[in-house]
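Working notes, beginning with the structure itself.
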Amino acid sequence: MAIGNVTRKLRDRLLRGARDDRGATAVVFALSIAVLAPMALGVFDVYTATEQRGKLQDALDAATLYAARSTAQTSADVDAIGDKALAANLSMMQGVVLKSSNFTLSGSTVLASASVQMPSFAPVVSGSGVVSASSEVKRAGKIEVALVLDNTGSMSQNNKLPNLKAAANSLIDKLVLASQRSADPTPLRISLVPFSSTVRVQGTTALTNYVSPTQRGTAIPGWIDPMATSRWNASADIFSAQTDRLALMKSLGQPWNGCVETRAEPYDIQDTAPDSATPDSMFIPFFAPDEKGGRNNPSSGYSNSYTADPSSGTDLTKLKAVSKYVGVTSVPSGTGPNVGCAMQTIVPLTTASASVKAAINGMTAVGETNIPMGLLWGWLSISPTGPLNAKGAPYQTADLRKVIVLMTDGQNTFQNRSNSYGSYYDGLGYAFQKLLSGLGVSSSDADRTTAMDNRLSALCTNIKAKNITVYTVRVDVTTGSSSLLQNCASSPDKFFNVQSAGMSVAFDSIADSIQNLRLSK
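Note that UniProt numbering has the sequence shown beginning at 1, numbered continuously upward.
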């Protein structure tokens, strides 16, 4: 009930009581007026004070947030901006007079206080009629953002890839603009991880500096294991004898395009630093071997044949034969050890947003979906223990937030093919290598998807345990459950399930959320 209505009703009751000519009523009511009226008005005054204090707090919070979002770097500038915003907010509170306000900048925190004189029905009861409030807003500190973006073949449909490029570029523009209010010299660093069935961590046009794993020169990073030691120890390699994959590429006249296979479990879902003393922690260069068939004439069920097969042996022994590469110095176009490694290269953490946007604009759609591979490298790109040259800051760095934005338009896929290997070659190798525990040549597509989903779920848990904020965007997916990506996100409001055209809204919301400042009172 409005205060004015209550006051009028009380007044009418008092007047009726005063006119009552029944003696007892008149006497009692007359004696009660002096007590009841101030008490009633005092109740209204307390109600008014509580209401006005809440409105003042809201007005001050909004003004403090506005001042913190500005580019002001001094207390004087912050105070001027905050005062102006507070005055505008208070103009909607009738009868309220601003008594004092103060906005100061303390490090990365804006501190504010304000007092107002409110209209009072019974100042004798409520006191001076002055209410006060305080607010505190911590400005955004350093932010490291990894954009993990689906580049699989299905992204070529329904305008998804162009929409993704526009949405991701808009997100970057918003974050760059927000970072300009920070006094920190490097308030924002962004990495880009395009993924399909693998990721491309490095590209090199030649292996001229490569001699051997111990004399590799500058072209090949030290965290790569060309000998595939972990595969060989597990008898799960694609060669019958331990083979230097990079040396073999060089002999074929091919570059190493920079793609890698998944790490052995459990390192496939950890950010453990690669260490040659622990072969399973190392990364193995992607090498698509020559498959069954003649040179550039694959047999049915196979897709990548670029040498002549040995004359005898099973399909698997022919695949693993090293001798068939001897004397081969070139491969037919569209075949060779880099087939399946054509996606955009990862961009390590950088302050150069233009280079990230250029890489986004160069993304193409190719291959199947391996979400765990993409998400792991998104994590590695902002991890202090990651293998890339630009590493993330230590996890406990003050005023640092690490963020991963994961976008995909499909389910995890490692399809069973009608061949002796159980699959085509990709970042998970071949099915016969059993890089997914418990699966093999005959395992179904559904079982493979479930196994990949389980690895993804565990990976999400490990990432969030490092206090990394995860946003997930599911686009145009009509099969499977959305719960996997929803549970991967740090909270329900950080999961977006949209159509292709809705990506821009989702990414804009994510940008706003990333730059949103924490409000504490």
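Yeah, the Cβ is synthetic: ideal placement off N, Cα and C, and Gly gets one too. The model shown is predicted, which means the values in this text are computed figures rather than measured ones.
Cβ pair residue i, residue j closer than 9 Å
i           : j      : result
VAL131      : THR64  : no
ASP315      : ASN419 : yes
ASP409      : VAL366 : no
VAL145      : THR104 : no
VAL201      : ILE346 : yes
GLY141      : ALA273 : no
LYS357      : ASN233 : no
ALA236      : GLN433 : yes
LEU188      : SER182 : yes
ASP150      : ILE514 : no
SER305      : GLY293 : yes
LEU400      : ILE190 : no
VAL116      : MET92  : no
ASP244      : PRO213 : yes
THR469      : GLN486 : no
THR449      : GLY480 : yes
residue 522 : ASN163 : As displayed, the chain neither begins before 1 nor continues past 521, which places residue 522 out of reach and without an answer.
ARG263      : SER240 : no
VAL339      : SER303 : yes
PHE286      : PRO337 : yes
ALA458      : GLY438 : no
PRO279      : LEU207 : no
Residue i to residue j span [Cα, whole Å]
i           : j      : result
PHE283      : ALA133 : 56 Å
THR364      : ASN89  : 49 Å
PHE195      : SER423 : 19 Å
LYS318      : ASP508 : 52 Å
LEU171      : ILE224 : 33 Å
LEU376      : ALA446 : 22 Å
residue 570 : GLY217 : It is not possible to answer for residue 570, since the shown part of the chain is limited to 1 through 521.
GLY313      : LEU192 : 44 Å
LYS494      : THR186 : 25 Å
GLY42       : GLN52  : Because the pLDDT at GLY42 is just 49, under 50, the model does not fix this residue reliably, and the value given afterwards should be weighed accordingly. When rounded, the distance between both Cα atoms is 15 Å.
SER100      : GLY54  : 17 Å
ALA114      : GLY95  : 16 Å
ALA59       : SER483 : 39 Å
ALA18       : PRO119 : Confidence at ALA18 is low in this model, with a pLDDT of 47, below 50, so the placement of that residue is unreliable and no value is reported for it.
ALA87       : ASP512 : 26 Å
GLY429      : LEU435 : 7 Å
LYS391      : SER381 : 7 Å
PRO332      : ASP268 : 33 Å
ASP83       : ASN516 : 21 Å
PHE44       : ALA62  : Legend: pLDDT at PHE44 = 45, less than 50; position of this residue unreliable, no value from coordinates given.
SER330      : SER300 : 23 Å
GLY502      : THR369 : 21 Å
THR50       : LEU98  : 17 Å
THR397      : LYS466 : 12 Å
ALA506      : VAL148 : 15 Å
Bridge partners - residue i, DSSP secondary structure assignment
i      : result
ASP244 : Partner(s): none; ASP244 has no beta bridge.
LYS142 : LEU400
ALA501 : Note: ALA501 sits in no beta bridge, so no partner.
PRO285 : VAL260
MET407 : LEU149, VAL473
LEU485 : Bridge partners of LEU485: none, in fact.
ALA112 : PHE103, SER135
GLY294 : ASN297
THR278 : ASP275
GLN117 : VAL97, VAL130
GLN215 : SER212
GLY429 : ASP426
Closest by C-alpha distance to residue i, when choosing among the options
i           : options                        : result
TYR395      : LEU375, LYS464, PHE239         : LYS464
ALA67       : GLU291, ALA85, ASN209          : ALA85
THR198      : GLN254, ASN209, ALA146, VAL260 : VAL260
ASP426      : TYR210, ILE238, ALA112, ARG189 : ILE238
LEU252      : ASP271, ARG216, ASP290, MET227 : ASP290
LEU349      : VAL403, LYS165, THR307, ASN102 : VAL403
ASP453      : THR413, ASP512, MET93, LYS138  : THR413
SER70       : SER100, LYS138, MET92          : LYS138
ALA166      : ASN516, SER504, ILE143, ALA277 : SER504
ARG295      : GLN180, THR307, GLU51          : THR307
ALA342      : PRO119, ALA87, THR152, ARG231  : THR152
ALA76       : ASP173, ALA501, ASN102         : ASN102
GLN411      : MET155, ASP83, GLY82           : MET155
SER276      : ALA228, PRO384, SER106         : ALA228
THR351      : LYS466, GLN242, ASP173         : ASP173
GLY378      : LYS250, ALA354, MET407, GLY362 : MET407
residue 552 : LEU177, GLN242, SER179, LYS250 : Nothing about residue 552 can be read from this structure; the chain reaches only from 1 to 521.
GLN57       : VAL326, ALA72, GLU136          : GLU136
Any chain D beta carbon closer than 9 Å to residue i
i      : result
TYR425 : No chain D appears in this structure, which consists of one protein chain only.
Distance cut-off 8 Å: residue i Cβ against heavy atoms of the ligand ADP
i      : result
ASN361 : The ligand content of the structure shown is nil, which means the ligand ADP is not present either.
Fill in: Unbroken stretches of the alpha helix (DSSP H), 4 residues or longer, contained in the UniProt domain "VWFA" (144-202)
The UniProt domain "VWFA" (144-202) is shown to contain whole alpha helix (DSSP H) runs of 4 or more residues at 160-179, in chain order.
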